[in-house]
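Going by full-length UniProt numbering, the sequence shown opens with residue 1, and the numbers climb by one from there.
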Amino acid sequence: NEIAENRANIAELMNKQTAPNGQVTVDLKPVNDKIDALTTASNVLIDEIADNTNDIGKLAVISETTVDEVANNRAQIRDNKATIDALTTASNVLIDEIADNTNDIGKLAVISETTVDEVANNRAQIKDNHGKIAENKQALAQKADKRVVDAMRSFDTYLASLAGTNQGKINKLETAVADKADQATVDALTTASHVLIDEIADNTNDIGKLAVISETTVDEVANNRAQIRDNKAAITKNQADIATLISRTPAAVDLQPINDKIGALDNSLNDKINKLDDKLSAGVAGAVAIAMMPAPAAGSHYITGGTGFYNGENAVAVGLTGASETGTFTYKIGGSVNSSGSGTFGAGAGYRWK
Numbered sequence: 001n002e003i004a005e006n007r008a009n010i011a012e013l014m015n016k017q018t019a020p021n022g023q024v025t026v027d028l029k030p031v032n033d034k035i036d037a038l039t040t041a042s043n044v045l046i047d048e049i050a051d052n053t054n055d056i057g058k059l060a061v062i063s064e065t066t067v068d069e070v071a072n073n074r075a076q077i078r079d080n081k082a083t084i085d086a087l088t089t090a091s092n093v094l095i096d097e098i099a100d101n102t103n104d105i106g107k108l109a110v111i112s113e114t115t116v117d118e119v120a121n122n123r124a125q126i127k128d129n130h131g132k133i134a135e136n137k138q139a140l141a142q143k144a145d146k147r148v149v150d151a152m153r154s155f156d157t158y159l160a161s162l163a164g165t166n167q168g169k170i171n172k173l174e175t176a177v178a179d180k181a182d183q184a185t186v187d188a189l190t191t192a193s194h195v196l197i198d199e200i201a202d203n204t205n206d207i208g209k210l211a212v213i214s215e216t217t218v219d220e221v222a223n224n225r226a227q228i229r230d231n232k233a234a235i236t237k238n239q240a241d242i243a244t245l246i247s248r249t250p251a252a253v254d255l256q257p258i259n260d261k262i263g264a265l266d267n268s269l270n271d272k273i274n275k276l277d278d279k280l281s282a283g284v285a286g287a288v289a290i291a292m293m294p295a296p297a298a299g300s301h302y303i304t305g306g307t308g309f310y311n312g313e314n315a316v317a318v319g320l321t322g323a324s325e326t327g328t329f330t331y332k333i334g335g336s337v338n339s340s341g342s343g344t345f346g347a348g349a350g351y352r353w354k
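Okay, here's the thing in structure tokens:
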């Protein structure tokens with residue numbers, strides 16, 4: 001409007017500079033000064049328009065960058081969702097492993113209880129064996145001593161009978177031997193002596209067998225002691241393994257923190273998606289508001305406004321539009337503010353020819 005007024009004023013001044021006869025009717029210095037001032041103002045306006053055009057180009061680049069960032073944000077959201085799915089799968093695997101470990105701990109506890117019972121039974125049996133071994137030793141000693149004593153007593157009794165009751169027979173034997181008579185009696189006594197010697201040999205053999213049995217029992221006791229030591233070592237190792245397993249695996253696994261973390265991640269992602277959707281919808285509403293600003297008529301310049309709605313979001317836009325006298329050149333500059341609190345800015349220009 002100022003440019004058009006300046007042109008009109010210049011034309012009016014040019015008409016007033018000379019009379020029809022060509023003589024100067026007014027002083028041209030004030031006119032020239034005003035023309036210079038108008039020219040300077042026009043140049044300033046041209047520079048401002050150039051700056052606005054440059055800013056429009058920069059805003060176009062920023063708009064393209066924003067579109068790229070939105071695309072990147074969408075890609076990152078997809079990646080985040082994939083990561084959350086992977087974390088959920090890993091969490092489920094961890095829960096299964098914890099359940100398996102808990103089951104194994106239960107089995108180990110049963111095995112440990114069984115081992116403790118077996119150890120207690122072994123101790124009881126060993127204690128009982130100790131008693132039986134002591135009894136066997138005593139019985140064997142008593143039996144061996146008794147058989148030896150009995151044999152000795154029998155032998156002494158037999159000798160006494162030979163010395164006492166059979167003294168007459170001995171005397172007769174001596175007489176018979178001396179006289180080389182009664183050979184049958186000598187043979188009988190010899191046989192009886194041999195029988196007694198055989199009994200003594202049998203008793204000696206039995207004593208040897210009892211000694212072997214006693215040694216075998218002693219060996220069994222030694223073997224039992226070795227097995228007891230082995231059992232103690234195995235029990236100690238089992239207890240250490242159980243303690244290690246218990247220290248590595250929690251007695252009671254609380255899954256609530258894991259579920260809370262997954263829920264928080266899910267809620268955060270949903271919140272980001274919803275906010276991004278609101279911003280995108282608000283941006284579309286802002287673009288609609290700018291687009292709805294009316295186009296100028298030829299030779300006119302307007303301050304315009306517009307409004308837009310999209311997907312529950314709204315925006316209000318204001319701008320400046322204009323066209324040259326012939327309508328060959330048009331321009332539009334505008335900005336909008338949307339319900340999400342952000343704003344958009346746009347500018348455009350066109351040139352028409354036939």
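For each residue, glycine too, the CB sits at the ideal point set by N, CA and C.
Keep in mind the model is a prediction, meaning the values are calculated, not measured.
To which residues of the same chain is residue i closer than 6 Å at the C-beta, ignoring the five residues directly before and after it?
{"i": "ALA347", "result": "ILE56, ILE333"}
{"i": "ASP278", "result": "SER340"}
Note down the Cα distance separating residue i from residue j, rounded to an integer number of angstroms.
{"i": "ILE49", "j": "ALA349", "result": "11 Å"}
{"i": "SER339", "j": "VAL288", "result": "13 Å"}
{"i": "LEU280", "j": "THR83", "result": "24 Å"}
{"i": "LYS275", "j": "ARG78", "result": "15 Å"}
{"i": "ASN238", "j": "ARG229", "result": "14 Å"}
{"i": "ASP100", "j": "LEU94", "result": "10 Å"}
{"i": "TYR331", "j": "ARG352", "result": "12 Å"}
{"i": "LYS272", "j": "ASP241", "result": "49 Å"}
{"i": "ASN92", "j": "ALA75", "result": "26 Å"}
{"i": "ASN267", "j": "ASN259", "result": "12 Å"}
{"i": "VAL44", "j": "LYS58", "result": "21 Å"}
{"i": "ALA90", "j": "ILE235", "result": "37 Å"}
{"i": "ASP51", "j": "GLU69", "result": "26 Å"}
{"i": "LYS354", "j": "ILE62", "result": "34 Å"}
{"i": "ALA86", "j": "ASN103", "result": "26 Å"}
{"i": "ILE46", "j": "ASN54", "result": "12 Å"}
{"i": "ILE98", "j": "ALA243", "result": "17 Å"}
{"i": "ALA226", "j": "ASP96", "result": "43 Å"}
May I ask which residues mark the beginning and end of the beta strand (DSSP E) holding residue i?
{"i": "ALA349", "result": "343-351"}
{"i": "GLY322", "result": "313-323"}
{"i": "SER336", "result": "329-338"}
{"i": "THR326", "result": "Note, THR326: premise wrong, no beta strand (DSSP E); not H, not E."}
{"i": "GLY305", "result": "301-310"}
Take the Cβ of residue i as the centre, count every other Cβ of all protein chains shown within 10 Å, and call the residue buried at 16 or more, exposed below.
{"i": "PRO257", "result": "exposed"}
{"i": "ALA315", "result": "buried"}
{"i": "GLU220", "result": "exposed"}
{"i": "residue 356", "result": "Because the chain in this structure spans residues 1 to 354, residue 356 falls outside the shown range and cannot be described."}
{"i": "ALA19", "result": "With a pLDDT of only 48 at ALA19, under the threshold of 50, the placement of this residue in the model should not be trusted, and no figure is reported."}
Taking 8 Å as the cut-off, decide whether the C-beta atoms of residue i and residue j are in contact.
{"i": "residue 370", "j": "GLY319", "result": "In the structure displayed, the chain extends from 1 to 354; residue 370 sits before or after that span and is not available."}
{"i": "ALA295", "j": "THR321", "result": "yes"}
{"i": "ALA323", "j": "GLY341", "result": "no"}
{"i": "ASN72", "j": "LEU269", "result": "no"}
{"i": "VAL284", "j": "TYR310", "result": "yes"}
Leaving aside the five residues before and after residue i along the sequence, list all residues of the same chain whose C-beta is less than 7 Å from its C-beta, in chain order.
{"i": "SER336", "result": "GLY286, ALA289, ILE290, ALA315, VAL316, ALA317, GLY343, THR344"}
{"i": "GLU325", "result": "ALA298, GLY299"}
{"i": "ALA282", "result": "GLU313, ALA315, ASN338, SER339, SER340, SER342"}
{"i": "LEU265", "result": "ILE84"}
{"i": "LYS232", "result": "none"}
{"i": "ASN21", "result": "Below a pLDDT of 50, predicted positions are generally treated as unreliable, and ASN21, at 49, falls in that range; no measurement from the model is reported."}
What residues in its chain sit with their C-beta under 8 Å from that of residue i, if we drop five residues either side in the sequence?
{"i": "THR88", "result": "ILE262"}
{"i": "MET292", "result": "GLY306, THR307, GLY308, ALA317"}
So residue i is in the alpha helix (DSSP H); what residue range does that whole segment cover?
{"i": "GLY263", "result": "256-291"}
Given 7 Å as the limit, tell me if residue i has its C-beta closer than that to any heavy atom belonging to the ligand GDP.
{"i": "LEU265", "result": "The ligand GDP is not part of the structure shown, which contains no ligands of any sort."}
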